[in-house]
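> In mature numbering (1 follows the signal peptide of the UniProt record, and there is no 0), the protein residues as written are -23 to -1, 1 to 157.
We put the CB at the ideal spot given by N, CA and C, even for glycine.
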């Protein structure tokens, strides 16, 4: 009997344990919501992220992501560097806007149609972006958005993934609505 109680307590502790610095989603009647503070630890694990423009010759790397949720969209800032024949050059910081989409099979949230809004060079100067450069950066961002989730549902919520009805950004939080 004592062994059974100990095993049950141990199992519950394991299932309910939340790693330090990670808070559980806030529950609502029709679902739950998470804030940037819950998304950021997962997002930071995805970086640095590298994209090979010409394998072995030219690659682009994204680092230091910073996410904001506002105005019904995700806004992401990332440092960008380019490596050509082994020589890395820090280009600056890109400001990106994106929608969000939910993949029920992965129980994860991904960027949807990310687009470059602006760019600040490494020396702090904002620079205008021509259409060709913006198109290339948007292509790299689309590749990232298809491969890497910005947020993974915690195991306790992953079972609800198939019932997710919608995602919305409300009051700086990602709101996940569940079908009843």
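Can you say whether residue 143 is buried or exposed, counting buried as having 16 or more other CB atoms within 10 angstroms of its CB?
exposed
> Please list the terminal residues of the continuous alpha helix (DSSP H) segment that includes residue 20.
13 to 22
> Roughly how many angstroms separate the alpha carbons of residue 149 and residue 34, rounded to a whole number?
40 Å
> Can you give me the C-alpha to C-alpha distance between residue 29 and residue 116, rounded to a whole angstrom?
So the two alpha carbons sit approximately 12 Å from each other.
> From which residue to which residue does the beta strand (DSSP E) around residue 93 run?
Residues 85 to 98.
> Going by DSSP in three states, residue 55 sits in which element: helix, strand or coil?
Reduced to three states, the DSSP call for residue 55 is strand.
> If you follow the alpha helix (DSSP H) that residue 118 is part of, which residue opens it and which one closes it?
108 to 124
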